[in-house]
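Visitor: One structure follows; several queries about it will come next.
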Amino acid sequence: MKKLHIIFPVLFLGMNVNAQNTQVQGDTAKILEEVKVIALARKKIQTEMKMAVSIDEFLASSDNIGFIKRGAYAWEPLLNNMSTERSTITIDGMHVFGACTDKMDPITSYVESNNLSTIDIKSGQEGSLHGATVAGSIDLKRKTTPFTPGKKYSGAYQTGFEFNNNQFFNLGNLSYSSDKFVADGSISFRKAGNYYDGNNEEVNHSQYNKFNTSVGLAYKTSPFSAVRVDAIFDKAKNVGFPALPMDLWLSRALITSASYKQLFQHGLIRVWDTKVYYNAVEHYMDDTKRPENLVHMDMPGWSTTYGLVSRANLKHGDYSAEIQLNAYNNLSIAEMRMYPQDRSKRTMFAYSWPWVTTKFTSLAMNNSWDISENSRVNFGGSLGYNYNRSKYVEFNWIFHPGTPQEKSRILPGLHASYELQVKQFSFSAGSGYGHRAPSVSEGYGYYIYNSFDRYDYIGNPDLKNEISYEANASAGFKNEKTGIEAKVNYFYIQNYIIGRILSLGSPMNYQSVGVKGYTSLNHARIFNIALNARYNILQHLHWKGTITYARATDDKDGNLPFIRPLSYQTSLHFMYKKFGIQTSLNGDLTQSHYSPEYGEDQTPAYMILNISANYSFNIKNCKTVLQVGAENLLNEYYSTYADWGNIPRMGRNIFTSLKFSF
Amino acid sequence: MKKAIFFFTTLCLSVMSCTKEKTDYEAEINTVVTEHYEFKEAAAINNDGYDISIEALNGTFYKGYNEIRLKISGDHTNEDVSAVTFLPVMTGADGGRTSCPHRYALVYNADAEHFPGYAVFTSESSANETWELYISFTINNQIHSVKQTITVQEQPNKNLNMTTFTGKDGEQYFIALVAPQKPKVAENELVAGIYKFNKPATPPSGSFPDPSQFSYTEVSNYTLQLDPRMPEPSMGNHSSINNKDLTRQSDGLYHGVVNYTMTGNWTLNFIMLNQNGKILKGTEVPTDFTPGVEGVKSELYIDILF
Ligand SMILES: [Cu+2]
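Those protein sequences? They're chains F and D, same order as listed.
Throughout the first sequence, residue numbering follows numbering that gives the first Met the number 0, covering 0 to 661 in sequence.
Throughout the second sequence, residue numbering follows numbering that gives the first Met the number 0, covering 0 to 305 in sequence.
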């Protein structure tokens, strides 16, 4: 069983290396490794193709993540073919909520690859540790340097240029570590112009500018405890969203936390880690650069969250567990101010999020018990309490007269799975049950314009909890040379929340064609399957392939929108001394199960060829990697099933990057 | 460490302040809408030892609907006072005299300790148009008649607008908004008065003023159909839902429901039906969403703004 475990560098491991009692130190480190097994998928922030990836590109390399793309920036991650309302996305367990009603700012847009170490993706109810979920959880893990016996500096600097959109980026990070004190810092700039599609046509309004910086300071208060403060500041300015009728003028996020971590040498509890956090996001859109807009409109949004995460890792014999307490308070505000053509006249104003407060508390536990050398049971559950209050509830009363201003929900979740290893074969089967509360937009949104189907969306505070029943299974085989794994999951989701055309009311936004209200379908079904295989053809020549397929239907057996058609990816990786060459081919088949009802049209098949080469060498003590490559080498003109408004994707893109690390 | 904390705090403070201020929604409506709650003396007359005081909201008579409170003080009890009448008269530049919808005979309200009434002034006082109040009352069988020139001011609150028109039955009608004074983006109870001028059947007689020449009635059993829309071209004829037509309630006024989905200019499009359901004024407005085109208004409408 232990072979399956993925072992990661974690802050508190480093903390121990330095502990005075070496005997204890070794034990604790070992325990911690074991405690960490519950994590499913964690990788370094780089893909095989490209070492300087954005967070979005990195996530895209995971086979249960897809993206809704509204441009070149800030892609909305879809986990198990479900949108962000159905997953919990956290940064080191901290909840952060975007301030854009049009989803221009998924949480993944507020971090940068050089301040993250890994991304932890859990599918379905296994992800309920961080809060109530249906699709699963995505936890962005920050980079943390361990304490070291002596003073030590380390760092990296990476720069690169991408020719298609003239993207120029500079990423730097530096850390200092000593016996008692650790400091991490990172800074990054990215600037890109408009990109060109496969027909070499410029995609207007696809530029972006991003600045991100982070600091982290840790201080060891005793051999077994440490405090840490962290902050991330992210600023995106002048970001175009070609698929939307407006762009982003400015988006800023400040994400801060302070934590205390305690290790225990004896007893059931091995680690206890408590963190308080505060984050504030502000988001200002800009529609003045679009001549097609006859009316000018301001749509600022603010989202402020503070909270607490406290977790403990338990271990006793063959049993290990994680317990986590989450609590947060979020205030989401979004305004809509329309300017009349005659500017001397009064502006028109409404709230698209009428000061909606969400308070959430949950207690969750994941347990793992090794029944025998080759089998294990995982089980867990969470119990959450979700409270919403709409300050200007009169906005919600327009469509839902008399609905209460406050609403409380209990959100339970349960899951269990069994893993079995028979020689080189491994199997697992599991199931889950969980509730989620409607998001702020689904519950309290007011005339939120969705440029995909061109409807104004109205939230419904009285929506029922969405209830997910889930089953998953996997089977795999692996040996030295080859590996193959199949994973399936199936979600039966009761009260599935989706927008339905309202025969009432008329749109408010200029481009809109009607009004949709969030309603619950009786149920929806989502099925995902992924096949992964790898084969080491030669010692230094590796092949990998992935096929994914998904099918999702509503209660009338109609198709749900944004479901990925059959897609494939195959790649070859060759290494020779200091050289490496990678090539990959990926694509989707024709989207045959599209949903005209929800504004989709059929997306044709496409196939993309990528290639890259890298060379590593040392300059003094500095490890240097130079990489050159091309994405979409054949300059295919295409858009994917989830490209908002069928905007074309980037055509051929030649990229170069250079990384120094010491 | 101290330096680090200092840096950290400075960073926090510098980025915690918002780039753009949030809208103070309540205050913003307040700046556009002047709302008055308080009755103050708007006119005072001293006659035969009696002090007659007429109170109106904010101590001012405005064009449109005005609720008034009449008080007569002197060495008498209010129960002694009878036959109180109230008649506003406007003299035009040509010397022609008209009135406006009003309550003529006032009845004492003992609980509130005044004579409640109203007047719907149809124009503002100007060099060419002078408004006078003719009041008479009887105490101890003695009739007292007084008159007083007043000033009718422009109504700054666009939510208390009024309109005058001739119906298909040839009668002259008045519709005046009474409430809400300060609408919200919400469901609002919409209150309006509908009045009809009673054409005099006989020529004037007796000493001026002859009330039969200046008689108005609060029409009953009419229906005022409502279709609120935002006229601004960029709003594309935007409307709202769950609105209710106005019908007459026991207070003599017409009550309905209007929903405003956002602040700004709204047009209340009306169709007025008489007790037999016959259209006296008003036309259906298009219901389709027409971005870029100014909304078509009914031939009977009142604009509001908040
Ligand atoms: Cu936005």
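Glycine included, each C-beta is placed from N, C-alpha and C at the ideal position.
What distance in whole Å lies between the Cβ atoms of residue 385 of chain F and residue 98 of chain F, which are believed to be in contact at a cut-off of 8 Å?
Guide: By one-based count along the first sequence, residue 98 of chain F stands at place 99. By one-based count along the first sequence, residue 385 of chain F stands at place 386. Actually they do not touch by this definition, with Cβ atoms about 20 Å apart.
Visitor: Any chance the CB of residue 665 of chain F is under 6 Å from a heavy atom of ligand 1?
Guide: Since the displayed chain F opens at 0 and closes at 661, residue 665 of chain F lies outside it and no answer follows.
Visitor: With distances taken from CA atoms, which of D/58, D/46 and D/296 is nearest residue 236 of chain D?
Guide: Taking the second sequence and counting its residues from 1, the one referred to as residue 236 of chain D is at position 237. Cα-wise, what sits closest to residue 236 of chain D is D/296.
Visitor: Can we count residue 335 of chain F as close to ligand 1, meaning its CB is less than 6 Å from some heavy atom?
Guide: Reading the first sequence from its first residue, position 336 is the one you call residue 335 of chain F. No.
Visitor: Considering just the uninterrupted stretch of the beta strand (DSSP E) at residue 55 of chain D, what are its terminal residues?
Guide: Translated into positions along the second sequence, residue 55 of chain D becomes position 56. Here the beta strand (DSSP E) through residue 55 of chain D covers 49-56.
Visitor: In chain F, what lies closer than 8 Å to residue 172 of chain D by C-beta?
Guide: On the second sequence, position 173 is the one that residue 172 of chain D refers to. The premise fails here: residue 172 of chain D is roughly 29 Å from chain F at the closest Cβ pair, so nothing lies under 8 Å.
Visitor: In chain D, which residues lie less than 7 Å from residue 340 of chain F when you measure between Cβ atoms?
Guide: Counted from its first residue, the first sequence places residue 340 of chain F at position 341. Those within 7 Å of residue 340 of chain F in chain D are 232 and 233.
Visitor: To the nearest angstrom, report how far apart residue 302 of chain F and residue 409 of chain F are at their CA atoms.
Guide: Counting from one through the first sequence, the residue named residue 302 of chain F turns up at place 303. Counting from one through the first sequence, the residue named residue 409 of chain F turns up at place 410. About 23 Å.
Visitor: Mapping the DSSP letters down to three states, classify residue 596 of chain F as helix, strand or coil.
Guide: Counted from its first residue, the first sequence places residue 596 of chain F at position 597. Reduced to three states, the DSSP call for residue 596 of chain F is helix.
Visitor: Within the chosen definition, does the stretch 98-111 of chain F reach the stretch 197-207 of chain F through at least 3 CB pairs nearer than 8 Å?
Guide: Verdict: no, contact absent.
Visitor: When DSSP builds the beta bridges, which residues end up paired with residue 625 of chain F?
Guide: The residue you call residue 625 of chain F lines up with position 626 of the first sequence. Partner(s): F/614 and F/657.
Visitor: Show which residues of chain D have a CB atom less than 7 Å away from the CB atom of residue 301 of chain F.
Guide: Residue mapping note: residue 301 of chain F aligns to position 302 of the first sequence, counting from 1. Under the 7 Å cutoff, chain D gives 17 and 21.
Visitor: Sorted by chain position, which residues of the same chain lie with C-beta nearer than 6 Å to residue 451 of chain F's C-beta, five sequence neighbours on each side aside?
Guide: Working through the first sequence from its first residue, we reach residue 451 of chain F at position 452. Correct list, in chain order: 598 and 643.
Visitor: Three-state secondary structure (DSSP) at residue 666 of chain F?
Guide: Any question about residue 666 of chain F goes unanswered here, given that chain F covers just 0 to 661.
Visitor: Tell me residue 643 of chain F's beta-bridge partners as DSSP assigns them.
Guide: Here residue 643 of chain F refers to the residue found at position 644 of the first sequence. In the DSSP output, where bridge partners are listed per residue, residue 643 of chain F has none listed.
Visitor: Could you tell me the alpha carbon to alpha carbon distance between residue 72 of chain F and residue 449 of chain F, rounded to whole angstroms?
Guide: One-based indexing of the first sequence puts residue 72 of chain F at position 73. One-based indexing of the first sequence puts residue 449 of chain F at position 450. Spanning the two alpha carbons is a distance of roughly 18 Å.
Visitor: In three-state DSSP terms, what is residue 208 of chain F?
Guide: The sequence position of residue 208 of chain F within the first sequence is 209, counting from 1. Residue 208 of chain F falls in the strand class under three-state DSSP.
Visitor: If you measure from the beta carbon of residue 653 of chain F to each beta carbon in chain D, is any gap under 7 Å?
Guide: Counted from its first residue, the first sequence places residue 653 of chain F at position 654. Taking Cβ atoms only, chain D never reaches closer than 7 Å to residue 653 of chain F, which makes this a no.
Visitor: At a threshold of 6 Å, does residue 574 of chain F count as lining ligand 1 (C-beta to nearest heavy atom)?
Guide: Looking up residue 574 of chain F in the first sequence gives position 575. Residue 574 of chain F Cβ: outside cutoff for every heavy atom of ligand 1.
Visitor: Going by DSSP, what residues sit across from residue 668 of chain F in a beta bridge?
Guide: Lying outside 0 to 661, the shown extent of chain F, residue 668 of chain F is not represented and no answer is given.
Visitor: Evaluate residue 142 of chain D with the Cβ neighbour count: other Cβ atoms within 10 Å of its Cβ, from every protein chain shown; 16 or more gives buried, anything less gives exposed.
Guide: Within the second sequence, numbered from 1, the residue matching residue 142 of chain D stands at position 143. Exposed: under 16 other Cβ atoms inside 10 Å.
Visitor: Can you find a CB in chain D that lies within less than 7 Å of the CB of residue 629 of chain F?
Guide: For the purposes of this step, residue 629 of chain F is taken as residue 630 along the first sequence, with counting starting at 1. It does not: the Cβ of residue 629 of chain F has no partner Cβ on chain D nearer than 7 Å.
Visitor: Using a Cβ cut-off of 7 Å (strictly closer), state whether residue 14 of chain F contacts chain D.
Guide: As a position in the first sequence, residue 14 of chain F is number 15, starting the count at 1. Residue placement at residue 14 of chain F is flagged as unreliable, the pLDDT there being 35, under the threshold of 50; the coordinate-derived value follows with that caveat. It does not: the Cβ of residue 14 of chain F has no partner Cβ on chain D nearer than 7 Å.
Visitor: I'd like to know whether the C-beta of residue 668 of chain F is nearer than 7 Å to at least one C-beta of chain D.
Guide: Coverage of chain F is limited to positions 0 through 661, which leaves residue 668 of chain F absent and any answer about it impossible.
Visitor: Which whole-angstrom value is the C-beta distance of residue 650 of chain F and residue 196 of chain F, which I expect to be below 8 Å?
Guide: Residue mapping note: residue 650 of chain F aligns to position 651 of the first sequence, counting from 1. Residue mapping note: residue 196 of chain F aligns to position 197 of the first sequence, counting from 1. At roughly 5 Å, the Cβ-Cβ gap stays under 8 Å, so residue 650 of chain F and residue 196 of chain F are in contact.
Visitor: Please state whether DSSP places residue 62 of chain D in a helix, a strand or coil.
Guide: Walking along the second sequence from the start, residue 62 of chain D turns up at place 63. Here residue 62 of chain D sits in coil by DSSP.
Visitor: Would you list, in chain order, the members of the stretch 134-164 of chain F that have their beta-carbon closer than 7 Å to a beta-carbon of chain D?
Guide: Per Cβ criterion, the list is empty.
Visitor: Any beta carbon from chain F within less than 7 Å of residue 238 of chain D's own beta carbon?
Guide: Here residue 238 of chain D corresponds to residue number 239 of the second sequence, with the count starting at 1. Output row for residue 238 of chain D: interface = yes.
Visitor: Could you check the C-alpha separation between residue 181 of chain D and residue 335 of chain F for me, to the nearest Å?
Guide: The residue given as residue 181 of chain D occupies position 182 in the second sequence. The residue given as residue 335 of chain F occupies position 336 in the first sequence. Answer to the nearest angstrom: the Cα atoms are 20 Å apart.
Visitor: For residue 239 of chain D, is the beta carbon positioned less than 6 Å from some heavy atom of ligand 2?
Guide: Because ligand 2 does not appear in the structure shown, any question about it cannot be addressed here, the ligands present being ligand 1.
Visitor: Is there a Cβ of chain F sitting closer than 7 Å to that of residue 91 of chain D, yes or no?
Guide: In the second sequence, counting from the first residue as 1, residue 91 of chain D sits at position 92. It does not: the Cβ of residue 91 of chain D has no partner Cβ on chain F nearer than 7 Å.
Visitor: Using beta carbons (cut-off 7 Å, strictly below), is residue 21 of chain F in contact with chain D?
Guide: The residue labelled residue 21 of chain F in the question sits at position 22 within the first sequence. Reliability fails at residue 21 of chain F, whose pLDDT of 34 lies under 50, so the model's placement of it is uncertain and the value that follows must be treated cautiously. Chain D contact via Cβ: absent.
Visitor: Chain F partners of residue 304 of chain D, CB-CB under 7 Å?
Guide: Along the second sequence, read from residue 1 onward, the residue named residue 304 of chain D stands at position 305. Going along chain F in sequence order, the residues near residue 304 of chain D (Cβ under 7 Å) are 345.
Visitor: Quick one: what's got a C-beta closer than 6 Å to residue 456 of chain F's C-beta in the same chain, skipping five residues either side?
Guide: Here residue 456 of chain F refers to the residue found at position 457 of the first sequence. Here the set comprises 444, 447, 449, 498 and 515.
Visitor: Give me the chain F residues within the contact set of residue 258 of chain D, using Cβ-Cβ distance strictly less than 7 Å, ordered along the chain.
Guide: Taking the first residue of the second sequence as 1, we reach residue 258 of chain D at position 259. By Cβ distance, chain F contributes 397.
Visitor: Expressed to the nearest angstrom, what Euclidean distance is found between the alpha-carbon atoms of residue 114 of chain F and residue 230 of chain F?
Guide: Here residue 114 of chain F refers to the residue found at position 115 of the first sequence. Here residue 230 of chain F refers to the residue found at position 231 of the first sequence. One C-alpha to the other measures close to 11 Å.
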